[in-house]
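Participant: Numbering (this note's numbering), first residue to last: 146 to 553. Each residue gets a CB set at the ideal place from its N, CA and C atoms; glycine is no exception. Every value quoted in this text rests on a predicted model; they were computed, and no experiment measured them. The structure under discussion is supplied below as structure tokens; questions concerning it will follow.
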């Protein structure tokens, strides 16, 4: 921990230890937001209730237009809820105005996707503006600016102009500015979506350090699955203005129930057989298995194959991690060593046993030998298949098997 952060950590007392205090710091109760657009009424948020624990990193994910940004902007009342109640640290702030609203916003920092820096003033002045707006005396501002830029690793850029900075450095300046008035809450609206992968990782590492060492509660909006699984503690999934699923990041994404959540998971954790390989597959039934936690490492495939005397070829696989917890996906081809009804029953028995020991499973074909090749082709065709090919998204591990020649 840096000396600067250590001093701030001591000043914040119990807030410095992440997630030891399970009290709720943000309560959004039955929030609805409607507005007029083009002569019609738009319901951007519909009766949403979300509670955020002090000291956690809470994520809100969903596709574009889901209402994520509108919901988060009700926390600091940049967007006034049409209905519902906003409670911050036990106080109803829904109707705050004037000086009371300004005081609230001092304690809620905001990081924008587009940095929102003033180009014709220095980095130091960009940060100082937030201090000035927060009522800091002029005498103490320079030292505070230097402290903040030190926290984000840009102490040497105090006299530089934004135009000379990289995208990641600009976002670090916006983070320093958001921390200016010692907020208890930090709102991040797609804070990494304009950055490359390496820079995104650096910013996420910085935000995790700020969360842990300063005890600041972070609410983070994103559509990037890698961001969600890297830093979120809890997550809410939004679709068309409502929360469709929420819980711990591992529970929600290892066992998605709503179609929107399933689509998010499938886009980034799912795998598929390339369309051109389908005609080359031997007879059998094609199964997708989803493991979670310790189940991802059990020698299940070989056990079932031996028990039922069937062939189980692993065609594709990956393992994704949420912290130290694993979610694995395999596509396997289960084939009998004998034909006819008896062989079909043996295969079914093997699949039934597999199903007992995995988190979820689904059949991708009934039988590749029964004139269902067209169905398999359709299942893997088009953009959806391309998005799900193994290795197209970071932080997954190939499952190496003796069947790798199938993929050659």
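Determine the direct distance from the alpha carbon of residue 473 to that of residue 433, and round the result to whole angstroms.
Facilitator: Between residue 433 and residue 473, the C-alpha separation is close to 11 Å.
Participant: Give me the residue from 266, 273 and 369 with the minimum Cα distance to residue 341.
Facilitator: Selected option, being the one with the closest Cα: 369.
Participant: Looking at residue 268 and residue 305, is the spacing between their C-beta atoms short of 7 Å?
Facilitator: Yes; because the gap between Cβ atoms is below 7 Å, this pair is in contact.
Participant: What does a CB cutoff of less than 6 Å around residue 399 pick up in its chain, not counting 5 residues either side in sequence?
Facilitator: 437 and 472.
Participant: Is it a yes or a no for the stretch 304-323 touching the stretch 269-277, going by three-plus beta-carbon pairs under 8 Å?
Facilitator: Output reads yes: the stretch 269-277 touches the stretch 304-323.
Participant: Using three-state DSSP, classify residue 504 as helix, strand or coil.
Facilitator: In the structure shown, residue 504 sits in coil (DSSP, three-state: anything other than H, G, I, E or B).
Participant: Are the CB atoms of residue 362 and residue 384 nearer to each other than 7 Å?
Facilitator: Cβ distance not < 7 Å, so residue 362 and residue 384 don't count as in contact.
Participant: Assuming contact is defined by CB atoms lying nearer than 7 Å, are residue 206 and residue 373 in contact in what I supplied?
Facilitator: Yes, Cβ-Cβ distance for residue 206 and residue 373 is below 7 Å.
Participant: Just checking, does the stretch 257-265 make contact with the stretch 284-292 on the three C-beta pairs under 8 Å criterion?
Facilitator: With the cut-off at 8 Å, the stretch 257-265 and the stretch 284-292 do not touch.
Participant: With DSSP collapsed to three states, give me the class of residue 208.
Facilitator: Three-state DSSP puts residue 208 in coil, outside helix and strand.
Participant: Residue 192 to residue 331, Cα distance in whole Å?
Facilitator: For residue 192 and residue 331, the distance between alpha carbons rounds to 23 Å.
Participant: So which of 194, 195 and 180 has the shortest CA-CA distance to residue 188?
Facilitator: Measuring from the Cα of residue 188, the nearest candidate turns out to be 180.
Participant: Which same chain residues end up closer than 7 Å to residue 258 when comparing Cβ atoms and leaving out the 5 residues on each side of it in sequence?
Facilitator: Around residue 258: 334, 335, 336, 338 and 339.
Participant: Closest to residue 397 by CA distance: which of 253, 176, 184 and 204 is it?
Facilitator: It is 204 whose Cα lies nearest to the Cα of residue 397.
Participant: What residue from 276, 198 and 504 has the CA that sits closest to residue 235's CA?
Facilitator: Nearest option by C-alpha distance: 198.
Participant: Residue 176 and residue 233 look like a contact to me (Cβ under 8 Å); what is the Cβ gap, rounded to whole Å?
Facilitator: Going by Cβ atoms, the distance from residue 176 to residue 233 rounds to 13 Å, so no, they are not a contact pair.
Participant: Expressed to the nearest angstrom, what Euclidean distance is found between the alpha-carbon atoms of residue 529 and residue 252?
Facilitator: With a pLDDT of only 35 at residue 529, under the threshold of 50, the placement of this residue in the model should not be trusted; the figure read from the coordinates follows. For residue 529 and residue 252, the distance between alpha carbons rounds to 43 Å.
Participant: Which residue's Cα is closest to the Cα of residue 455: 493, 238, 467 and 210?
Facilitator: Residue 455 has its Cα closest to that of 493, out of 493, 238, 467 and 210.
Participant: Would you tell me roughly how many angstroms separate the C-alpha atoms of residue 173 and residue 239, rounded to the nearest one?
Facilitator: Each residue's alpha carbon lies about 10 Å from the other.
Participant: Inspect the beta-carbon positions of residue 394 and residue 202 and report whether they are closer than 7 Å.
Facilitator: No, Cβ-Cβ distance for residue 394 and residue 202 is not below 7 Å.
Participant: Going by the CB atoms, is the gap between residue 478 and residue 460 shorter than 7 Å?
Facilitator: Their beta carbons are under 7 Å apart, which means residue 460 touches residue 478 by this criterion.
Participant: Is it right to say residue 453 is buried, meaning 16 or more other beta carbons lie within 10 angstroms of its own, or is it exposed?
Facilitator: Classification for residue 453: buried.
Participant: So, is residue 430 buried or exposed, given that buried needs 16 or more other C-beta atoms within 10 angstroms?
Facilitator: Buried, by the Cβ-count rule.
Participant: Within the continuous alpha helix (DSSP H) that includes residue 362, where are the two ends?
Facilitator: Premise fails: residue 362 lies in the beta strand (DSSP E), 362-367, not in any alpha helix (DSSP H).
Participant: Identify every residue that forms a DSSP beta bridge with residue 474.
Facilitator: In DSSP, residue 474 forms a bridge with 435 and 463.
Participant: Using CA coordinates, which residue listed in 451, 310, 387 and 410 is at the minimum distance from residue 178?
Facilitator: The candidate whose alpha carbon is nearest that of residue 178 is 387.
Participant: Nearest by alpha-carbon distance to residue 480: which of 496, 249 and 465 is it?
Facilitator: It is 496.
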